[in-house]
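J.: Starting off with a structure, shown below.
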Amino acid sequence: MAEVSVQNITKSFGSLKALNDVTMDFPNGGFFALLGPSGSGKTTLLRAIAGFTFMDSGTIRIGEQSVENIPVEKRDIGMMFQNYALFPNMSVADNIGFGLRVRKVGAAVERRRIGEALELVQLDHHANRKPHQLSGGQRQRVALARAIVTNPRVLLLDEPLSALDKALRVDMQFELKRIQREVGITTIFVTHDQEEALTLSDKIGILRDGRMVQAGSPREVYNNPADLFAAEFLGEANILTGISGDGAEIKTPPTTSMTGLLAVRPENITISRDEPKEGAISKCQAVLEGRVFAGAMATCFLQTNGKTLKVISRDQDIPQNITEGDVLWLSWPVEKTLLVPE
Amino acid sequence: MSGTSLARLGKLWLACILFFLYAPIVVMAFMSFNESQFYQLPFEFSLKWYEKLAGNAEIIDAATLSIGIALVTTVIATILGTAASIALFRFEFRGKRFLQVMLFPPIAIPWLITGTAMLIFFFGVGLGRGTPSVVIGHVALALPYVIVVVSARLATFDATLEEAARSMGADGWTITRCVTLPWIAPGIIAGALFAFAVSFDQFVVSYFLSEPGDSTLPVLIYTSIRKGFTPEINAISTIIIIISMAVMLCAARFSNFGGDR
Amino acid sequence: MAVSLVNRDRLRILGLLSPAYIWLTVAIFLPLSAMLYFSFLSDVPFGDTEWAYTAENYAAFFQTSTYATLLWKSIRLGFTVTAIAMLVGFPCAYVLAKVIQGRSREAMFLLVILPFWSNSLVRIFSWAIVLRGNGVLDLGLNAILPFDVEVNLMFSTSAIVIGLVHSYVPYVILTSYLALQAIDDNLIDAARSMGATKLTILWRVILPLSLPGLLAGAVLIFVPVVGSFMEPRILGGRVGTYYGTVIEDQFVAVFNWPLGAALSFILLAVVLLILAIASPVLKSAQT
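Residue numbers (the working numbering), protein chains in the order written: chain A, 5 to 346; chain B, 2 to 262; chain C, 953 to 1239.
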């Protein structure tokens, strides 16, 4: 187990800068997410840490060691691939034991460690199956066991859950976190699913076009996005510029001295028929355009000053008997207003 | 890096193989432009052997026959093969697997065996040697290739398109004509070119089935070679290899055999 | 209604399939049966010739050692050519599938496969031009080497092997390439992330996964080489007597068709045996 540190790394493929002066620290034992749309460079960063791609410039440290010139097979890492990359010709046990055999730990140790790893991922009874005989979730567990069985210094996960359906994915998120805590290994994972990043990680790095837009704890990046892109990528945001009219009051959070765009997340807005009277709120009037019912939650679209605002709230919190065309009040606490640097 | 030097070694190996594959063909073609009757060097450029070829009625007859047989084979094998591929693709029925397996013997059994067996059978039924027998044999050898190539193209066809057409009221033939055939057209063209190549290059079966005075080009070349080499054979061989490589290049354009996608 | 629908489908299937399969039956399967029948006759049953049923043609194979020896010689030739083609072709397929990237890969692949689809007789003839004494190989080597050598590979077993490898090596490259290409690059990355060296990856991951393709190529080479006759004839001269050439002789020179049929059928039996042994492998190569 070790901390990982990436300093000013740059990588170009031809004229395309896949990574542009990227810096991020991954302290020992933490769980980190690299988040970004496709083509943002998140996978390139992960593969750079793994050692599949060599950098044009910058340094990568694992523990105390500078690894820029060390090939993958000597880096002592564990990696899980998007489609799991289980060897189809080997049994579950042989897949897990592959790294141990390469390290020549001896047959007895090998058997014991395979057993422990299988137990950890709760697949004790599947040791002799072939990968094609396993379900998606089971394959994922084998891939995880295989990645950690050698006690690598760092665990790298490339979109580990994207091949699973939604219900299974939530289970596996929980499971992944449990195992990571139990083993205590520094873990870096790549995802394009913001919800997954927010739930799982201690720290999130948001990438866009090869640049690190923001790195910080989930709460930090959600509540204080570094720019509009970060704000919109991590969740939805209603931009408040240009809202005015009868009784509209848009207040700037008093704690900051920065200037920028004001925005508010859809789940922080309250809808009411009458004008709200509390003090520390921003408010405006808007016309209901439509309402989408989705079980416990409902989404409303409202129009004001030519722009559509989105509101997500519990269905029961929305005033009864409202219909399209009604003029309603929207309000949100001042501290929930995002100030996004332009 | 050791990785790149290993990769370089690999590429060198590939280059050696390509040299091994093409060098003799190039040498042979080269010699067809050499003046000397006995392949003597130094090289003296001459078109004499091609001129002689143009005046050789026997070779021209054989070439005409070969091309004719290949064209007839192509038409028959392509039509029959495409029909069979569509049936194998569209319908589920008992014995389908068996029918697919039946395509392998013509490819897998050495032509020596198939050729001699055909000779015996065609004599037995009174057809004997001759061009009709050759055509029957060539079509049989080309059919599996056409079915395999067209089926490969069909496998990329979205069957729900047929269902969509049907839901809009189209009948079987309309669906085939307006939906299925346009999609598999490249496969059919590739299959046809394969059929042409199989027939045009076929030696063994033609050898056993063609009549002595009326032989195809490869058979004529074989009998000439056994009498002794002349640069004239080089000349006609060069022409043949250019034609068959051109045909295959076209086939490769229409089918993505070996391609990535 | 349902019944008539099923019937209509059946008619369609019959209409589309029967022409092709009747053709295959008439041109391939009936002839093979006829050959079996023929191999048990004493003489050709055409015209006024006297003939009877006999097992003598098969007895001939076992009575003298000539045919068995030649068959064994042909099988040995098959093994030699197959082994060389595998050793030469597999690395080549690997380079094509895993080292070369992008557009040039397709072009290279096409270049390797192209000769395979050109006339095999012509290609064998081209080797005759290269290998003959006083030929290009001879002159080329003498131009490079400081001392005089006389290379005359023509009319030797080596010439036959070179010609056959040239004819069939694209087969093993094709099948190995397809198998290698199907191997997910992530598997190789995964093995590396676990610390495996190149040799370990080759031995434990790549070779096991591409074995079906490699073996399929081997079978596809072995079978026609055992039945080859044109290549030994042209490149082997006097040493070029093989099982295939003996069969050829029965049909075009000696005109002992029943014996030829019996010899052909024995060859077919050997071929089918090999295909049967290899069929599990071939099946897994298909998927």
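Each residue gets a CB set at the ideal place from its N, CA and C atoms; glycine is no exception.
(1) Applying a beta-carbon distance threshold of less than 7 Å, which residues of chain A neighbour C:PRO1160?
(2) Where does A:ASP278 land, buried or exposed, given buried means 16+ other C-beta within 10 angstroms?
(3) Just to confirm, is the Cβ distance from A:THR195 to A:VAL158 under 7 Å?
(4) Ordered along the chain, which non-local residues of its own chain (more than five positions away) have a Cβ less than 6 Å from that of B:LEU19?
(5) For A:LYS217, report the span of its beta strand (DSSP E) as first-last.
(6) Taking 7 Å as the threshold (C-beta atoms), are B:VAL28 and B:LEU113 in contact?
(7) Might you give, ordered along the chain, the residues of its own chain that have their beta carbon closer than 7 Å to the beta carbon of A:ASN24, omitting 5 neighbours on each side?
(8) Under the three-state reduction of DSSP, which class applies to C:LYS1025: helix, strand or coil?
(9) Decide yes or no for the touch test of the stretch 1042 to 1051 of chain C against the stretch 1190 to 1199 of chain C: beta carbon pairs closer than 8 Å, at least 3 of them.
(10) For the stretch 982 to 1001 of chain C against the stretch 1172 to 1191 of chain C, are there 3 or more C-beta pairs whose distance is under 8 Å?
(11) Can you tell me whether B:ALA16 is buried or exposed? The criterion is at least 16 other CB atoms within 10 Å of its CB, across all chains shown.
(12) Taking all protein chains shown into account, decide if B:GLN203 is buried (16 or more other Cβ within 10 angstroms of its Cβ) or exposed.
(13) To which residues of the same chain is B:ILE226 closer than 8 Å at the C-beta, ignoring the five residues directly before and after it?
(14) My understanding is that A:SER95 touches A:ALA131, with C-beta atoms under 8 Å, so please give their C-beta distance in whole angstroms.
(15) Nearest chain B C-beta to C:GLY1196 closer than 7 Å, yes or no?
(16) Roughly how many angstroms separate the alpha carbons of B:VAL199 and B:HIS139, rounded to a whole number?
(17) For my contact list, B:ALA118 and B:THR74 are in at a C-beta cut-off of 8 Å; report their separation, rounded to the angstrom.
(18) So, does the stretch 58 to 67 of chain A touch the stretch 133 to 140 of chain A, judging by three or more C-beta pairs under 8 Å?
(19) Compare the C-beta of C:SER1078 with all C-beta atoms of chain B and state if any pair is closer than 7 Å.
(20) What's the call for C:ASP995, buried or exposed, on a 16-neighbour Cβ count within 10 Å?
(21) Using 10 angstroms around the beta-carbon of B:VAL150, count the other beta-carbons present and answer buried if the total reaches 16, otherwise exposed.
(22) Count the other CB atoms within 10 Å of the CB of B:CYS179; is the residue buried (16 or more) or exposed (fewer)?
(23) Identify which residue in C:ARG1075, C:GLY1054, C:PRO983, C:ILE1114 has its Cα closest to the Cα of B:ILE243.
(24) Tell me whether B:MET169 is buried or exposed, calling it buried when 16 or more other Cβ atoms sit within 10 Å of its Cβ.
(25) So with CB distances below 9 Å, who are the chain C contacts of B:GLY200?
(26) Are the C-beta of B:THR117 and some C-beta of chain C separated by less than 7 Å?
(27) Does the beta carbon of A:GLY103 come closer than 7 Å to any beta carbon on chain C?
(28) Between the Cα of B:ASP159 and the Cα atoms of B:THR5, B:TYR40, B:GLY125, B:ARG91, which residue gives the shortest distance?
(29) C:ALA1148 CB to nearest chain B CB: under 7 Å?
(30) Which residues in chain A sit within 7 Å of C:ARG1144, going by Cβ to Cβ distance?
(31) Please report the distance separating the alpha-carbon of C:ALA1111 from that of C:LEU1091.
(32) According to DSSP, is C:TYR1005 helix, strand or coil?
(33) Using a Cβ-Cβ cut-off of 7 Å (strictly less than) and excluding sequence neighbours within five positions of C:THR1149, which residues of its own chain qualify?
(34) Could you check the C-alpha separation between C:THR1239 and C:VAL1178 for me, to the nearest Å?
(35) Cα separation between C:ILE1173 and C:THR1127?
(36) Going straight from the alpha carbon of B:TRP50 to that of B:PHE39, what length do you get?
T.: On the basis of the coordinates in this document:
(1) Here the neighbours are ASN93.
(2) The residue is exposed, with fewer than 16 neighbouring Cβ atoms inside 10 Å.
(3) It is not a contact, given that the beta carbons lie outside the stated cut-off.
(4) Beyond the five residues adjoining it in sequence on each side, B:LEU19 comes within less than 6 Å, by CB distance, of no other residue in the same chain.
(5) Checking the sequence, you will find Val at residue 217 of chain A rather than Lys. Counting along the chain, the unbroken beta strand (DSSP E) around A:VAL217 starts and ends at 215 to 220.
(6) It is not a contact, given that the beta carbons lie outside the stated cut-off.
(7) Excluding positions up to five away in sequence, the list reads THR14, GLY214, ARG215.
(8) Here C:LYS1025 carries a helix assignment [DSSP, helix/strand/coil].
(9) No contact exists between the stretch 1042 to 1051 of chain C and the stretch 1190 to 1199 of chain C.
(10) Too few Cβ pairs lie closer than 8 Å, so no.
(11) Exposed, by the Cβ-count rule.
(12) Taking every protein chain shown into account, the CB of B:GLN203 has 16 or more other CB atoms within 10 angstroms, so this residue is buried.
(13) Apart from the 5 residues on each side of it in sequence, B:ILE226 sits with its Cβ closer than 8 Å to the Cβ of ILE234 in its chain, given in chain order.
(14) Contact flag correct, Cβ pair sits at about 7 Å.
(15) Using a Cβ-Cβ cut-off of 7 Å, C:GLY1196 counts as an interface residue toward chain B, since at least one Cβ of chain B sits closer than that to its own.
(16) Whole-angstrom Cα-Cα distance: 8 Å.
(17) In this structure B:ALA118 is not in contact with B:THR74, their Cβ atoms being roughly 19 Å apart against a cut-off of 8 Å.
(18) As far as the Cβ criterion goes, the stretch 58 to 67 of chain A does not touch the stretch 133 to 140 of chain A, which means the pair count is below three.
(19) Cβ-Cβ to chain B under 7 Å: yes for C:SER1078.
(20) It is exposed - the Cβ of C:ASP995 has fewer than 16 other Cβ atoms within 10 Å.
(21) Buried is the call here.
(22) B:CYS179 should be labelled exposed.
(23) The shortest Cα separation from B:ILE243 among C:ARG1075, C:GLY1054, C:PRO983, C:ILE1114 belongs to C:ARG1075.
(24) Label assigned to B:MET169: exposed.
(25) Reading the sequence as shown, one finds Ser at residue 200 of chain B and not Gly. By Cβ distance, chain C contributes nothing, its closest Cβ being about 11 Å from B:SER200, past 9 Å.
(26) Yes, B:THR117 lies at the interface with chain C (some Cβ there is under 7 Å from its Cβ).
(27) At a cut-off of 7 Å between beta carbons, A:GLY103 contacts chain C.
(28) The shortest Cα separation from B:ASP159 among B:THR5, B:TYR40, B:GLY125, B:ARG91 belongs to B:ARG91.
(29) Not an interface residue.
(30) Simply VAL76, GLU77.
(31) C:ALA1111 and C:LEU1091 have their C-alpha atoms roughly 17 Å apart.
(32) Three-state result, C:TYR1005: strand.
(33) In its chain, beyond the 5 residues on either side, no residue has a beta carbon closer than 7 Å to the beta carbon of C:THR1149.
(34) Only weak support is given to the placement of C:THR1239: the predicted model assigns it a pLDDT of 45, under 50, and the question is left unresolved by the model.
(35) Approximately 11 Å between the Cα atoms of the pair.
(36) Distance between the alpha carbons of B:TRP50 and B:PHE39 is about 12 Å.
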